[in-house]
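Protein chains in written order, with this note's numbering: chain S, 41 to 258; chain W, 95 to 410.
A virtual CB, placed ideally from N, CA and C, is assigned to each residue, including glycine.
I have placed the structure first, in the form of structure tokens, so that the comments after it can refer back to it.
As structure tokens, then:
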């Protein structure tokens, strides 16, 4: 079976071409100037503006030579065809791009791939497979922790990391006594997941899924 | 994003030399603010110097009984550090009130101090902004000013400093340690680190070109009840409309720094002599000279009421 990246013209490419057409058309309309930013990213990078980088992604060593501007998110999606990680806002506001780097959750849209030489990156593809779901993936399915599913890979990566952060004793904004270990309450989970936005509003089911995996009643 | 060249450095000397060699270079550590602004082409460095390889990631005791926090210590690690939680709870609380878990894992101590304003007119490249483009004017003045400064602003700029961490550090009398490209080191009291906008709002700190933050030091613990209360439009993951960081001693004396009202964390030690007289007495002196707009006049009342809530909490 061919992989999505093997297709001559993928659905993604078609969408990119279609998007470019829209920008070209609307950039001639002065009234829309506020919504059409100059696309200077079309500026080509010279050889000096590329860098080699080696990442350990989901247990595989991947060597890349990237335009320095490439975010970790774009490296995963556009260069490694790991499209499970999603691009939502591309500005660190929505959390759809959340992955784990060296065990810590980060917004992959707000970090450059070349800044992660030798790092271990875990994406949704590295957590589980359709045949062997990660417990958090299984709990999201069981508790209906999503509707459209676009934010879900980021939600699940974040949720897995949140439980590890609580276990490691890292406090949050809603923790009571700073000198005590944080508790695993629904209030704690909601605060800690606030960097992951779900426009469908599946939040309460996500808390249920996390609570089940944590093995403690909410 | 504009193209740029990139290098990793592993010593302060290499960082300084890279900064001296490259015009329009920027240091990058967490990158959560810088890359955001580079995507919008508000920041357009030609060269990035990745300082993540420097050994500035430790938190250690100082001979004076205080704490030295390495410039690269991540916000999560700082907030979760046992000594910080026990002796500098205000700092933990302020850090945890800011950003999201993902961002705190990446954002550094030095980067947090250097983060830029979230004034919507600074972010919108179609608007005049003296901070983004010196001399272009300030579209915020006369615009939508609900989130903007009520004190210490100028005719050139009414932006606020967005940091929660810096408010706590201001109340804790932190010092910022730096190394200049020529190797000279200095310690800048945080009161002198952030600038008021004046005629040059594009210059936000007293750092010199190429000067690198190496650490932040805190004096020995002062005890007291340490409370950070942040008022915002939603319960989590939003910038402050107003925040109050306070250290209240058993006798009612204490310190107060305020966020969300000015171009820097706002503190007036003289106002703190009024602490035992209550929030109104402190707030009126602290915000003496405030020039709010119709949109943000509520912040003046909100500072007083938030401080009143903090003083009540301190008694509990």
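What are the boundary residues of the alpha helix (DSSP H) that residue i is part of?
i	result
residue 181(W)	176 to 181
residue 204(W)	203 to 208
residue 177(S)	175 to 182
residue 251(S)	243 to 254
residue 195(W)	195 to 200
residue 264(W)	259 to 265
residue 412(W)	For residue 412(W) there is no data in the structure shown, the boundaries of chain W being 95 and 410.
At the level of alpha carbons, what is the spacing between residue i and residue j?
i	j	result
residue 390(W)	residue 293(W)	22 Å
residue 164(S)	residue 179(S)	14 Å
residue 351(W)	residue 263(W)	9 Å
residue 114(S)	residue 95(W)	13 Å
residue 239(S)	residue 186(S)	10 Å
residue 113(W)	residue 103(W)	11 Å
residue 97(W)	residue 85(S)	6 Å
residue 132(S)	residue 132(W)	13 Å
residue 150(W)	residue 236(W)	43 Å
residue 229(W)	residue 223(W)	8 Å
residue 117(S)	residue 124(S)	8 Å
residue 226(S)	residue 197(S)	18 Å
residue 189(S)	residue 245(S)	13 Å
residue 380(W)	residue 147(S)	38 Å
residue 218(S)	residue 119(S)	43 Å
residue 225(W)	residue 156(S)	31 Å
residue 120(W)	residue 370(W)	46 Å
residue 101(S)	residue 255(W)	41 Å
residue 247(W)	residue 178(W)	33 Å
residue 145(W)	residue 101(W)	9 Å
residue 405(W)	residue 254(S)	37 Å
residue 76(S)	residue 220(W)	Confidence at residue 76(S) is low in this model, with a pLDDT of 41, below 50, so the placement of that residue should be treated as unreliable; the coordinate-derived value is given next. Residue 76(S) and residue 220(W): Cα-Cα distance of roughly 10 Å.
residue 170(W)	residue 90(S)	31 Å
residue 249(S)	residue 175(S)	9 Å
residue 184(S)	residue 241(S)	11 Å
residue 204(S)	residue 325(W)	29 Å
residue 92(S)	residue 103(S)	7 Å
residue 261(W)	residue 252(W)	18 Å
residue 398(W)	residue 392(W)	10 Å
residue 236(S)	residue 127(S)	12 Å
residue 337(W)	residue 110(W)	36 Å
residue 149(S)	residue 94(S)	18 Å
Do residue i and residue j have their CB atoms nearer than 8 Å?
i	j	result
residue 110(S)	residue 200(W)	no
residue 159(S)	residue 96(S)	yes
residue 311(W)	residue 156(W)	yes
residue 173(W)	residue 148(W)	no
residue 106(W)	residue 273(W)	yes
residue 175(W)	residue 153(W)	yes
residue 162(S)	residue 98(S)	yes
residue 306(W)	residue 217(W)	no
residue 356(W)	residue 245(W)	yes
residue 339(W)	residue 322(W)	yes
residue 136(S)	residue 209(S)	no
residue 212(S)	residue 223(S)	no
residue 195(W)	residue 247(S)	no
residue 67(W)	residue 183(W)	Residue 67(W) lies beyond the stretch modelled for chain W, which goes from 95 to 410, so this question has no answer here.
residue 265(W)	residue 180(W)	no
residue 215(S)	residue 330(W)	no
residue 318(W)	residue 346(W)	no
residue 373(W)	residue 401(W)	yes
residue 299(W)	residue 242(W)	no
residue 167(S)	residue 200(S)	yes
Quick one: give me the first and last residue of the beta strand (DSSP E) that residue i is part of.
i	result
residue 216(W)	Here residue 216(W) belongs to no beta strand (DSSP E); instead the alpha helix (DSSP H) covers 214 to 217.
residue 155(W)	153 to 155
residue 102(W)	99 to 102
residue 309(W)	306 to 312
residue 320(W)	319 to 325
residue 163(W)	161 to 164
Does the Cβ of residue i lie closer than 7 Å to at least one heavy atom of the ligand NAD?
i	result
residue 268(W)	For the ligand NAD, the structure offers nothing, since it holds no ligand at all.
Practice task
With a floor of 4 residues, list each alpha helix (DSSP H) that falls wholly inside the stretch 206 to 232 of chain S, ordered by position along the chain.
Solution key: Secondary structure remark: continuous alpha helix (DSSP H) runs of at least 4 residues inside the stretch 206 to 232 of chain S, in chain order: 226 to 232.
Problem - Segments of 3+ residues assigned as beta strand (DSSP E) that fall wholly inside the stretch 331 to 410 of chain W - result: Within the stretch 331 to 410 of chain W, the runs of beta strand (DSSP E) at least 3 residues long that lie entirely inside it are, in chain order, 336 to 342, 348 to 353.
Exercise for the section: May I have a chain-ordered list of the alpha helix (DSSP H) segments no shorter than 4 residues that lie completely inside the stretch 95 to 168 of chain S? Expected result: Within the stretch 95 to 168 of chain S, the complete alpha helix (DSSP H) segments at least 4 residues long are 164 to 167, listed from N- to C-terminus.
Practice task
Would you list, in sequence order, the uninterrupted alpha helix (DSSP H) runs of no fewer than 4 residues that lie entirely inside the stretch 118 to 147 of chain W?
Solution key: Complete alpha helix (DSSP H) runs here, min 4: 128 to 133.
Problem - Segment contact, 8 Å Cβ cut-off, at least three pairs: the stretch 118 to 127 of chain W with the stretch 279 to 294 of chain W - result: No, the stretch 118 to 127 of chain W does not touch the stretch 279 to 294 of chain W.
Problem - Contact the stretch 201 to 216 of chain W vs the stretch 156 to 167 of chain W: 3+ CB pairs below 8 Å - result: The stretch 201 to 216 of chain W is in contact with the stretch 156 to 167 of chain W.
Practice task
Output the residue ranges of the beta strand (DSSP E) runs that lie fully inside the stretch 233 to 298 of chain W and measure 3 residues or longer, sorted by chain position.
Solution key: The stretch 233 to 298 of chain W contains these whole beta strand (DSSP E) runs: 269 to 273, 279 to 283.
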